[in-house]
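Some notes on the structure that comes next.
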Amino acid sequence: MGISIRTNVSSLNAQRNLSMTQTNLDNSLSKLSSGYRITKAGDDAAGLAISEKLRAQINGLNQAARNANDGISMIQTAEGALNEVHTMLQRMRELAVQASNDTLSTSDRSAVNSEVQQLKTEINGISARTTFNTKQLLTGSLVTQQNTGTSTALTGSQLNTTGGNATIANIDVAGAKSGETYTFTAGATAGDVVLTRSSDSVAQTISASTIAASGSSTLDFSQLGVKITLSSDAGGKTAAGIATDLDTQTVTTSAGSGSANFQIGANASEFINVAFSRIDISSSGMSSLNTAVNSFNTTQSVANAQALITAVDSSIDTVSNQRATYGAYQNRLDHTIANLNATSENLSASESRIRDVNVAEETAKMTRMNVLMQAGVSVLSQANQLPQLALKLLG
53 MGISIRTNVS
63 SLNAQRNLSM
73 TQTNLDNSLS
83 KLSSGYRITK
93 AGDDAAGLAI
103 SEKLRAQING
113 LNQAARNAND
123 GISMIQTAEG
133 ALNEVHTMLQ
143 RMRELAVQAS
153 NDTLSTSDRS
163 AVNSEVQQLK
173 TEINGISART
183 TFNTKQLLTG
193 SLVTQQNTGT
203 STALTGSQLN
213 TTGGNATIAN
223 IDVAGAKSGE
233 TYTFTAGATA
243 GDVVLTRSSD
253 SVAQTISAST
263 IAASGSSTLD
273 FSQLGVKITL
283 SSDAGGKTAA
293 GIATDLDTQT
303 VTTSAGSGSA
313 NFQIGANASE
323 FINVAFSRID
333 ISSSGMSSLN
343 TAVNSFNTTQ
353 SVANAQALIT
363 AVDSSIDTVS
373 NQRATYGAYQ
383 NRLDHTIANL
393 NATSENLSAS
403 ESRIRDVNVA
413 EETAKMTRMN
423 VLMQAGVSVL
433 SQANQLPQLA
443 LKLLG
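Printed below as a string of structure tokens:
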């Protein structure tokens with residue numbers, strides 16, 4: 053190649069290599085300073101897409117664990133209130149046993165009745181005042197109920213088109229999400245019934261059973277929290293007939309009287325439904341106590357006192373069952389949290405392998421780029437001196 057002054061090819065080559073080295077050094081510095089192997093999509097497009105999905109799952113799992121912990125706190129609030137209700141019921145029973153003894157005078161029983169009536173009032177007061185984040189827990193206001201105004205499948209509806217005659221005896225949506233529409237469709241197999249939730253298209257298929265003459269059967273869509281009980285007349289009802297007659301029927305839900313949905317997973321539909329039943333003197337499980345307390349308030353007789361003992365025993369069982377249910381949910385949520393944390397940890401490790409920088413490897417690269425930068429600058433300086441050699445030919 054001839055000697056040229058106008059175009060210094062050696063310098064251009066040194067500049068190009070130095071520019072590439074500078075870019076690689078900048079990348080290494082960016083990765084080491086951020087701690088990430090992928091700082092922009094160009095570093096690893098496929099890896100970025102995968103890691104972002106993993107990040108979404110990890111963030112969802114961590115939030116679900118917090119949700120579950122909040123759920124435990126909510127349940128413990130209700131259970132703590134019922135603990136005090138239990139204490140008052142025990143005292144009420146003690147007073148009823150005392151009033152059943154004929155050593156007491158009329159005025160003595162009247163004094164006993166005064167405390168019984170105060171305990172009754174306070175049980176109702178605790179029911180009304182027990183709240184968590186403004187939500188009343190013991191009044192039954194959380195339970196999902198059926199919206200009969202927009203549902204086509206209603207209690208008392210007849211299913212008489214094919215395969216015999218049947219009546220919808222009951223529809224239980226206490227375990228379902230509120231504000232949803234659930235649609236029945238006939239399955240591909242004769243006798244199969246499919247129930248689909250409108251908001252997320254989650255569906256469950258179950259096989260209906262032929263109902264014997266004057267019998268009944270319950271279709272339990274446990275994954276969706278919907279149960280429908282059917283009863284037949286003297287002719288019975290076939291499974292295929294049930295599926296056909298329920299086809300296109302809908303059940304809509306609204307917030308009503310006793311459950312809460314706890315989102316305990318990173319994805320849609322990963323929730324559990326916890327029922328917070330109404331617990332007060334007038335609730336269904338304690339109505340006999342209400343009657344007995346009122347009777348004892350009217351006449352403080354031995355007979356009424358003994359009836360009060362029986363009624364209190366029944367109410368203690370009701371409260372015990374509800375507390376046991378809360379305890380079971382708490383234990384379940386404890387295991388849920390442990391599983392969520394373990395899953396989040398494993399996904400975080402996987403995401404780290406994709407996205408985090410290997411400091412040892414990247415440090416070695418940076419050291420190499422530093423050496424190349426110094427060499428490149430030195431070579432460029434030498435290349436820039438080459439045209440001056442041509443001047444010597446001019447004498």
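Those letters in the sequence shown? Residues 53 to 447, by the numbering used here. Backbone N, C-alpha and C define an ideal beta-carbon position, used for all residues, glycine too.
Check: I need the DSSP call for A240, collapsed to helix, strand or coil.; Outcome: coil
Check: I want to know whether the region 372-390 touches the region 169-183 - three or more CB-CB distances under 8 angstroms.; Outcome: no
Check: Taking Cβ to Cβ, would you say V364 is nearer than 9 angstroms to L399?; Outcome: no
Check: With DSSP run on the structure shown, which of helix, strand or coil describes T415?; Outcome: helix
Check: Cα-Cα, which of I124, G216 and N114 is closest to R384?; Outcome: I124
Check: Can you give the beta carbon distance from T214 to G293, rounded, assuming they're within the 8 angstroms contact cut?; Outcome: 5 angstroms
Check: Can you give me the start and stop residues for the alpha helix (DSSP H) that K444 sits inside?; Outcome: P439 to K444
Check: Assuming S268 contacts S283 (C-beta within less than 8 angstroms), just tell me the rounded distance between them.; Outcome: 4 angstroms
Check: Report buried or exposed for M72, applying the criterion of at least 16 other Cβ atoms within 10 angstroms of its Cβ.; Outcome: exposed
Check: For F323, list the residues DSSP reports as bridge partners.; Outcome: Q315
Check: Can you tell me whether DSSP reads A218 as helix, strand or coil?; Outcome: strand
Check: Using DSSP with H/G/I as helix, E/B as strand and the rest coil, what is K229?; Outcome: coil
Check: Alpha carbon to alpha carbon, how far is L70 from A442? Give it in angstroms, no decimals.; Outcome: 25 angstroms
Check: Closer than 8 angstroms: is that where the CB of M126 sits relative to any heavy atom of the ligand SAM?; Outcome: What this structure holds is no ligand at all, so the ligand SAM is not there to describe.
Check: Taking 8 angstroms as the cut-off, does the region 160-170 touch the region 345-358 (at least 3 CB pairs, one atom from each stretch)?; Outcome: yes
Check: Less than 9 angstroms separating the beta-carbons of S266 and D244?; Outcome: no
Check: Tell me whether D332 is buried or exposed, calling it buried when 16 or more other Cβ atoms sit within 10 Å of its Cβ.; Outcome: buried
Check: A357: buried (16+ other C-beta within 10 angstroms of its C-beta) or exposed?; Outcome: buried
Check: Report the option in N313, V429 and T257 whose CA atom is closest to the CA atom of T241.; Outcome: T257
Check: Could you pull the start and end residues of the beta strand (DSSP E) that I12 belongs to?; Outcome: Only positions 53 to 447 of the chain appear in the structure, and residue 12 is not among them; the question remains open.
Check: Label V61 either buried or exposed according to how many other C-beta atoms from any shown protein chain fall within 10 Å of its C-beta, with 16 as the threshold for buried.; Outcome: exposed
Check: When you compare each of Q437, A327 and D96 to L189 by their alpha carbons, which one comes out closest?; Outcome: A327
Check: With DSSP collapsed to three states, give me the class of R375.; Outcome: helix
Check: Cβ atoms of L392 and A116: under 9 angstroms apart, would you say?; Outcome: yes
Check: Taking A359 as the reference, give the member of L134, Q150 and Q67 with the closest Cα.; Outcome: Q150
Check: Would E403 and K83 qualify as a contact pair, given that the criterion is a beta-carbon distance under 9 angstroms?; Outcome: no
Check: Put G293 into one of helix, strand or coil per three-state DSSP.; Outcome: helix
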